[in-house]
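Number of protein chains: 6
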Amino acid sequence: MKLLVVNPNTTASMTAKIAAAARSVASPGTQIEAVNPSMGPVSIEGFYDEALCLPGLLAEVAAGERRGAAAIVVACFDDPGIDAARSIASVPVIGICEAAIRMASLLGHRFTIVTTQPVSLPAMDGLIHRYGMADRGRARAAGVPVLALEDPLSGAVTKVRNQIRAAIAEDRAECILLGCAGMADLARDLTEEMGLPVIDGVAAAVKLAEAVVGLGLRTSKVGGYARPASKPYTGMLAALAP
Amino acid sequence: MKLLVVNPNTTASMTAKIAAAARSVASPGTQIEAVNPSMGPVSIEGFYDEALCLPGLLAEVAAGERRGAAAIVVACFDDPGIDAARSIASVPVIGICEAAIRMASLLGHRFTIVTTQPVSLPAMDGLIHRYGMADRGRARAAGVPVLALEDPLSGAVTKVRNQIRAAIAEDRAECILLGCAGMADLARDLTEEMGLPVIDGVAAAVKLAEAVVGLGLRTSKVGGYARPASKPYTGMLAALAP
Amino acid sequence: MKLLVVNPNTTASMTAKIAAAARSVASPGTQIEAVNPSMGPVSIEGFYDEALCLPGLLAEVAAGERRGAAAIVVACFDDPGIDAARSIASVPVIGICEAAIRMASLLGHRFTIVTTQPVSLPAMDGLIHRYGMADRGRARAAGVPVLALEDPLSGAVTKVRNQIRAAIAEDRAECILLGCAGMADLARDLTEEMGLPVIDGVAAAVKLAEAVVGLGLRTSKVGGYARPASKPYTGMLAALAP
Amino acid sequence: MKLLVVNPNTTASMTAKIAAAARSVASPGTQIEAVNPSMGPVSIEGFYDEALCLPGLLAEVAAGERRGAAAIVVACFDDPGIDAARSIASVPVIGICEAAIRMASLLGHRFTIVTTQPVSLPAMDGLIHRYGMADRGRARAAGVPVLALEDPLSGAVTKVRNQIRAAIAEDRAECILLGCAGMADLARDLTEEMGLPVIDGVAAAVKLAEAVVGLGLRTSKVGGYARPASKPYTGMLAALAP
Amino acid sequence: MKLLVVNPNTTASMTAKIAAAARSVASPGTQIEAVNPSMGPVSIEGFYDEALCLPGLLAEVAAGERRGAAAIVVACFDDPGIDAARSIASVPVIGICEAAIRMASLLGHRFTIVTTQPVSLPAMDGLIHRYGMADRGRARAAGVPVLALEDPLSGAVTKVRNQIRAAIAEDRAECILLGCAGMADLARDLTEEMGLPVIDGVAAAVKLAEAVVGLGLRTSKVGGYARPASKPYTGMLAALAP
Amino acid sequence: MKLLVVNPNTTASMTAKIAAAARSVASPGTQIEAVNPSMGPVSIEGFYDEALCLPGLLAEVAAGERRGAAAIVVACFDDPGIDAARSIASVPVIGICEAAIRMASLLGHRFTIVTTQPVSLPAMDGLIHRYGMADRGRARAAGVPVLALEDPLSGAVTKVRNQIRAAIAEDRAECILLGCAGMADLARDLTEEMGLPVIDGVAAAVKLAEAVVGLGLRTSKVGGYARPASKPYTGMLAALAP
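Residue numbers (our numbering), protein chains in the order written: chain R, 199 to 440; chain X, 199 to 440; chain F, 199 to 440; chain C, 199 to 440; chain D, 199 to 440; chain H, 199 to 440.
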């Protein structure tokens, strides 16, 4: 089975890190194809970047399904474009925030998402609410830019670690969710160090994608995820028309 | 004061209808500028169209603010891109679904949104939930394509009328919300005919925009709507970089 | 258009301040009539005062509609008697707490109400819950009596300012709501000083009232706001019988 | 122990029926004093009547406590003035809607309130929501005026019975709540006839009042129910000043 | 009337304390029978103990009903087995957590449960949520083992007192709930000392049980609490088959 | 990896069916061990059976972990004992209801659980609520005893099919969940026949268990799932003491 992992920003080094995280947990029979769009923002921090990553992301989703992907992971913790991707694809589409939250619900009661920038906190709040976990989860920001995670000298990981400690002490967190695909390489060590599950959404989504595919299930097409009607799109997005 | 009304689809006849609805309620001192993007879907029906209208919509929002708009209305009942538009603009940005829901909350208890296609119902459910009205509102679909509303012979209005009657009888609706900008011309007559408030989101948003501007208030920039950091965007979206 | 603003307490100096706040934002064509009842409490602090302001408030609402008011604002942040006023009037009736909350929802995610006395906090909690914003808003008390706001030497404004700063730092508030009609004169300066929207409910309600009237909408009479059946009222309230 | 039961409308025959219902369940040591105000509406149907019953109701509450009542029951299913009564009194104050809902929660999962008039349904919805039972309860209206319950020839009881049957069949109700103090005499027979708990709020509140008094507990005075500060009330309500 | 109070752990000294608390509030006509199972955990701290107390608890419930109990109280603040006990019994079954929460809702707005061990906090959260009070209540742990409450030299009561003070100061609690049947002897003194209602669930449940019995109401048998169908149980639990 | 699947009732034919369903989706490296307790109810229908299956279930969970299970599935749609099992085990424990609901959330918006008996509906409601999906899911009963699913001549499958059709037509369901482990063999055919995802919880839980194990995650032991303190258990449950 081929699993497409789309990093919706355009930074190839982050795609590589995501690919490594995905491959580190993939089952023997799973082939990971990690891509990023050629158009759009170099990192996703806040609602505007999130909106503008969509054309590139959705083009990769459609292309990936055409190339035979059995499932698709959207590897940004804002879960951008998940609804649209589920509409255009027939195979399962999984966002890394939802994946991490679903895993956390199996392992503990309260959880805390540690994300990068404060600007992302309302988006995190919105996702926690949307996924029905407002009474169990909350979000904190480490105050680090996304791309600082690519730089070992930035001190970013220390800031993440500090927020995890605060979540355990102050939020009664039983699980920690790493709120950025750029933190995918930290989960295993932090789980060990902190003594509770620290969940990376990329890995969680890969395993969840394998699970859904293994069940033979596909996105429901009888309601809101019905394939979009064919219609003209104009201008430079014409090629993306359904 | 200049008010920008963006129809996020690319159908000019619908923009004209929206402009007329906006002008019919605008205060004497308000100048309505109604535009639509040149790129994107000809109508917005479901999550995929909603995602792909965003680049065109956000470009119009940014351009409108540069041209001096005092507030911006997004004239699609899915409230596409509201969060992103509020991030990129400093002036207030108002979606027609939120506007209609806020007006309804002042005039009655329960409300029903009558939208076009069943594919849009989960999006409507999501907005009702997001706006905190899950215990007061629900949505129904008339089963008409958006562009059928442009055709007086399509029978679309009769189907809308039937759903309004069902909402009164079965949902205990005290207000009706017309769930598509393409229904903007129907509100006044249906209010009269049905004997309860029938609210058009375009008109509601225009008046709400005037209200916010009149208060001298602008979008908060201290949290999730902070202006996006300057960063490179690549490919054909480079021109949209913040 | 004539807009009736009812201060439901009997303190004329506060009515004058409310009138000034209302007039400072009213559109050219709007005539503000500000009144207060001759019977009832001199200030509204807690549930008991709130209940006992109702006969005077509702008499003013009914008289105001008879005198031709196009809409009515109830200028106490507890939104006392809103449901009853909407029943007895046909024109729109708007409470200043709901107005402020609806405006805040357009400008930011989380908000904090800064009210006067701790005794009012459960009422604020109740309104936030009723208006569907329990996941986005909370309330704080400055610990000042309502009428201290009328006295520039009381230090009341400093206490309000301190709570605003705490809300920004601790609640992640993106908007502040001034939780008492007696703070109506502070909003514009505090917005400037604090760098985020500080919303006065009186002004918000005036603009929202103009908006609803401009839409040609009136209170729904098909459900809970149906005009009360004519029936005898006995004793000293007989004159208030519907 | 003396228990004050206040019928907040001014219809003495209904007070007598309420008194009988209260006495039918009171413990041997409980003395029931049933009163109604001399001022206010003859029946409470909708928000306006509910607001205007408050001065009479609160005067009776205060007088009752002065006369030595150990607890006070407010015998109208809208729970009018409960918060205000709890502020002015130190003894426990119990509304019949809350009492009935709390009893129902001990005996089954879902419940349906069968009230008199459709105009009261939004008030019932509001109470169900306020008491935290929105996922377990709903309300139906029998379509009978309150005072028709006083007239055996009105057919009112048949209409109540029909709604109970519908609630069992369609709402999966496990308990029925009689949504008007004027139905207090029906509960015992309907429990027998319908084969599930049919709860009268008057009786429920009397027993709950005995329970709270038996625990030696009184209304909390540290927050929203703190005794109102002494202050002038003007006009014909001056005598009600705290 | 005979009231069965089941302490679901096997510690007889705690049963004696519970019996004393129950008798201290029982009405003259109420005979308290306090029992504990002979099988199961010596104290209930966390989910595992809670599950394993059930066979013993349910055997006592069934035996108690056969011996003529008019109602049954389950005297552990986790409300273990309440749903099962309501299924197997026809008489009312009342858990002490639900009883305390229902009493608190009559006396104040916010409440805090002070329980023994942190391991019980998620169970408390779950019960607060289940009973519809997530917006009004929270839980704190004093950090004392259940059986330390039996030892006056353990310092346990001081730790409970400290958490009560913190709840008043930090949670805006208006009522305190003692979150363990082993604290039943502390309520009356702490109410006096702390100046707000401090509620013991055992006493609350006894009075609530008397109230329900006094209404002539029994558990609804039309839905989820229908008596279990007769069927074989195997192994050492065969004697518990319905 | 060895995966323990516990059927918490004592009917071996149902265990065999569950084992087959589990094996049909297990990955090549996964060894399924399916067991049922020797003590307890022959089927689980309602809260009483659910409570009395716990000693047998928890004994199997503990024994399974000792024998080296990498994860444990509890194969009853009531998710009995999940919290207790997560406390006693260190490996992940997954209930089939939660598993099915988490899968459904990835594939569609609204879902309907089709369970066996009406007596189980409140339990289903409770789980939907607990898992945060009250706005997206509901439950229906086919009106068939659990063990009728073992008998091809019982007509049970037709009744299940009818409820699925009703859910699609009336609930706007986008996914169907088979609400009993005894329906595990029906999912694949019904998915095909009904044209939307029909999810069996046993299969879903097996794949989810593989996913969690593949991530190297275990149950959090820092809060409510901390391993129970060692303490005496008395009577015939002594052997189950932690």
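All C-beta atoms, glycine included, are put in the ideal place defined by N, C-alpha and C. Since we're looking at a predicted model, the values are computed, not measured.
Are residue i and residue j touching if we call contact CB-CB under 8 angstroms?
i: residue 401 of chain F; j: residue 382 of chain F; result: yes
i: residue 292 of chain C; j: residue 406 of chain C; result: yes
i: residue 408 of chain H; j: residue 318 of chain H; result: no
i: residue 415 of chain X; j: residue 294 of chain F; result: no
i: residue 309 of chain X; j: residue 202 of chain X; result: no
i: residue 205 of chain R; j: residue 379 of chain R; result: yes
i: residue 432 of chain X; j: residue 208 of chain R; result: yes
i: residue 372 of chain R; j: residue 420 of chain H; result: yes
i: residue 279 of chain R; j: residue 320 of chain X; result: no
i: residue 238 of chain X; j: residue 255 of chain R; result: no
i: residue 399 of chain H; j: residue 313 of chain H; result: no
i: residue 395 of chain H; j: residue 305 of chain H; result: yes
i: residue 311 of chain F; j: residue 337 of chain F; result: yes
i: residue 215 of chain F; j: residue 240 of chain C; result: no
i: residue 331 of chain D; j: residue 413 of chain C; result: no
Can you list, in chain order, the residues of its chain whose CB lies under 7 angstroms from that of residue i, leaving out five sequence neighbours each side?
i: residue 357 of chain R; result: 340, 341 and 342
i: residue 329 of chain F; result: 296 and 299
i: residue 217 of chain X; result: 203, 230 and 232
Go ahead and label residue i buried or exposed: buried means 16 or more other beta carbons lie within 10 angstroms of its beta carbon, across all protein chains shown.
i: residue 390 of chain D; result: exposed
i: residue 227 of chain R; result: exposed
i: residue 250 of chain X; result: buried
i: residue 437 of chain F; result: exposed
i: residue 323 of chain H; result: buried
i: residue 387 of chain R; result: exposed
i: residue 211 of chain X; result: exposed
i: residue 368 of chain R; result: exposed
i: residue 236 of chain H; result: exposed
Per DSSP, residue i is paired with what?
i: residue 338 of chain D; result: D:312
i: residue 239 of chain D; result: H:431
i: residue 231 of chain H; result: H:202
i: residue 293 of chain X; result: X:272
i: residue 378 of chain F; result: According to DSSP, residue 378 of chain F bridges with nothing at all.
i: residue 398 of chain C; result: C:376
Output needed for residue i: all residues of its chain with C-beta closer than 6 angstroms, excluding positions within five of it in sequence on either side, in chain order.
i: residue 221 of chain H; result: 230
i: residue 260 of chain H; result: 286
Ordered along the chain, which non-local residues of its own chain (more than five positions away) have a Cβ less than 8 angstroms from that of residue i?
i: residue 277 of chain R; result: 293, 294, 295, 296 and 325
i: residue 288 of chain F; result: 263, 416, 417, 419 and 425
Near-chain X residues of the segment 296-324 of chain C (beta-carbon distance less than 9 angstroms), N- to C-terminal order: The segment 296-324 of chain C vs chain X, Cβ under 9 angstroms: 316, 319, 320, 323 and 324.
Check each residue of the segment 382-406 of chain X: if its Cβ is closer than 9 angstroms to any Cβ of chain H, include it; give the result in chain order. For chain H, none of the residues of the segment 382-406 of chain X brings a beta carbon within less than 9 angstroms of one of its beta carbons.
Mind listing which residues of the segment 230-251 of chain F have their C-beta closer than 8 angstroms to chain C's C-betas, in chain order? Answer set for the segment 230-251 of chain F: 235, 236, 237, 238, 239, 240, 241, 243, 244, 245, 246, 247, 248, 249 and 250.
Going along the segment 413-429 of chain R in order, which residues come within less than 9 angstroms of chain H, judged by CB to CB distance? Within the segment 413-429 of chain R, 413, 414, 415, 416, 417, 418, 419, 420, 421, 422 and 423 place their CB atoms closer than 9 angstroms to a CB of chain H, listed in sequence order.
Near-chain D residues of the segment 360-374 of chain C (beta-carbon distance less than 9 angstroms), N- to C-terminal order: Those would be 366, 370, 371, 372 and 373, in chain order.
Chain C contacts made by the segment 331-344 of chain H, where a contact means CB separation under 9 angstroms: Cβ contacts with chain C: 332.
Looking at chain R, which residues of the segment 269-298 of chain X have a Cβ within less than 8 angstroms of any of its Cβ atoms? Residues 279, 281, 282, 284, 285 and 286.
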